[in-house]
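J.: Chains as they are written, first to last, in the working numbering: chain A, 1 to 228; chain B, 1001 to 1228. In this text, a Cβ means the ideal position worked out from N, Cα and C, and glycines have one as well. Supplied in structure tokens, the structure appears directly below.
Protein chains: 2
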Amino acid sequence: MLDKSHKANIRERGLLTKTPFLHSLTGNALARMLDSAHVYSMPARANVFREGEPALAFYCVLAGYVRLYRVSRDGRQADIRICAPGDVFAECLIFGGEKYRFSAQAAENVSLARFDMRDVRELAEQDTQVAKAIMTALSGHLLSTMDCVVNDRLHTAPQRVADYLINRCPTATGTASIRLPFQKNLLAGMLGLAPEALSRAFSSLRRTGVTVRGRVIQIGDVEALKQI
Amino acid sequence: MLDKSHKANIRERGLLTKTPFLHSLTGNALARMLDSAHVYSMPARANVFREGEPALAFYCVLAGYVRLYRVSRDGRQADIRICAPGDVFAECLIFGGEKYRFSAQAAENVSLARFDMRDVRELAEQDTQVAKAIMTALSGHLLSTMDCVVNDRLHTAPQRVADYLINRCPTATGTASIRLPFQKNLLAGMLGLAPEALSRAFSSLRRTGVTVRGRVIQIGDVEALKQI
DNA sequence: CGCCCGATTTGACATCGATCAAACCGGGCG
DNA sequence: CGCCCGGTTTGATCGATGTCAAATCGGGCG
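Here's what the structure looks like:
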């Protein structure tokens, strides 16, 4: 985190306030959270923090995508979560431990709001609005991580890809067109696949009416996808 | 949940108080939580709740083991977590949604403390001690579920088994003897393996000095296990 | 507008773990 | 003490996905 930061300005405060995390806060609780936010910009591939470092802060993504991952002894990496604009990450360490349990890397140029762990911990211990916001964020993350486990254990690669497409499909039936918000690389990691496996999954979905051109995915029949 | 319940008695209150979840509570917060606890007994294989049902309560295990799992469209099941005595489960729905997102089944005869979702939600919104206990529980569960994802994606079956053994090993070096707290069946599901795969993993660990006789596991060299 | 580099796809292969079937074991009950 | 059934192990096979290498694509920059 060797980068200049500044206190959140009006625009950034607006972004933060619209975030699911801070959305429900009002008055003093909101003001104190916004006041404590420091905004950083980081270039693609930069590490926000690394596993094992003291967990001094957690973050909210303002722009870009952040990858949470862990590295195994033999150097392979596994993604745990891809954080989109509006997502909070590492908030599980406010009351969950002294050190980061995974690394966080900017998947592209990103803008982040940084919250001091200690400050927010204290705030949460005296303000139930803040505590509630944290509980809601934690619950959501826990549920989606459980989904991730189940998906890994129950579904094949094409099924997981179909699932992803369906979830970000604007319509529930008929045809649709989706533009991936990031590189296929990232998507592969997010689904627990090697890039090659993602590619093969896409091509196996061709028979179900899925067409891929760069980042643009054409879905011929959403219903059919759900049957995969 | 077709079973008689009763308010927690002295012994059960003692058990609950020693639980990581309620451990840090004192005074009024503790009293109100204990007062709201209802204790149920359930026979092996009974469902505590099923995915999709309205999430009216969450639970703390007093005795026995509870299996959290989800069922896929084609009927296969994937375990999400095995809850041991002292564990809380479904607390992620206090602020996380209206319906259960997975099913819970008694893996053997169990005794459970039931907490009303609405009551605790209200309590958490006014009492920061309770909120803190919930945040701590959620954080712990989130971190261990992340561990689970990483394990699934990074480690082979023998590695996951070795990991499990190491984590519940009393000593960090030398030899050790472990008694599994439940059937291998459950362990397999917990590690995301078919029972046959668990069995094979154990037998592949024989060359590393691991001996299996029923539920008793002999570890010849803990250090060696860590190298797997 | 074309080049160029990194991202993606394709191919060939090895490995892991699921599945089905059958043999085996062990603990609880009569 | 032995039977019996459910749980566990073993064997055989198959499908899915990781890995490595090579070909191809595509988007951004000059």
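#1: So for residue 164(A), helix, strand or coil by DSSP?
#2: Within 10 angstroms of the Cβ of residue 19(A), are there 16 or more other Cβ atoms? Answer buried if so, exposed if not.
#3: So is residue 1092(B) in contact with chain A if we call contact Cβ pairs under 8 angstroms?
#4: So within the region 1089–1151 of chain B, which uninterrupted alpha helix (DSSP H) runs reach at least 4 residues, ignoring any that extend past its ends?
#5: Using the Cβ count rule (16 or more neighbours within 10 Å means buried), how would you classify residue 1004(B)?
#6: I think residue 171(A) touches residue 222(A), with their Cβ atoms under 8 angstroms apart; what is that distance to the nearest whole Å?
#7: Specify, as a first and last residue, the run of the alpha helix (DSSP H) that residue 227(A) falls within.
#8: Quick check on DSSP: helix, strand or coil for residue 47(A)?
#9: For chain A, check one thing: does any of its Cβ atoms lie closer than 8 angstroms to the Cβ of residue 1136(B)?
#10: Distance check for residue 1065(B) and residue 1166(B), CA to CA, integer angstroms please.
#11: Output, in sequence order along the chain, the residues in the region 1141–1175 of chain B whose CB is closer than 7 angstroms to any CB in chain A.
#12: Leaving out five residues before and five after residue 201(A) in sequence, what residues of the same chain have Cβ atoms less than 6 angstroms from its Cβ?
#13: Starting from residue 188(A), trace the beta strand (DSSP E) both ways and give me its first and last residue.
#14: Give the straight-line distance between the Cα atoms of residue 1106(B) and residue 152(A), rounded to the nearest whole angstrom.
#15: Does any residue of chain B have a CB that is nearer than 8 angstroms to the CB of residue 131(A)?
#16: With 16 other CB atoms within 10 Å as the buried threshold, where does residue 132(A) fall?
#17: What are the start and end residues of the alpha helix (DSSP H) that includes residue 211(A)?
#18: Taking C-beta to C-beta, are residue 206(A) and residue 180(A) nearer than 8 angstroms?
T.: In short:
#1: helix
#2: buried
#3: yes
#4: 1117–1126
#5: exposed
#6: 6 angstroms
#7: 222–227
#8: strand
#9: yes
#10: 21 angstroms
#11: 1141, 1142, 1143, 1145, 1146, 1148, 1149, 1150, 1152, 1153 and 1154
#12: 157, 158 and 161
#13: Note, residue 188(A): premise wrong, no beta strand (DSSP E); alpha helix (DSSP H) at 184–190.
#14: 24 angstroms
#15: yes
#16: buried
#17: Looking at the DSSP string, residue 211(A) is not in any alpha helix (DSSP H); the run it does join, the beta strand (DSSP E), is 210–213.
#18: no
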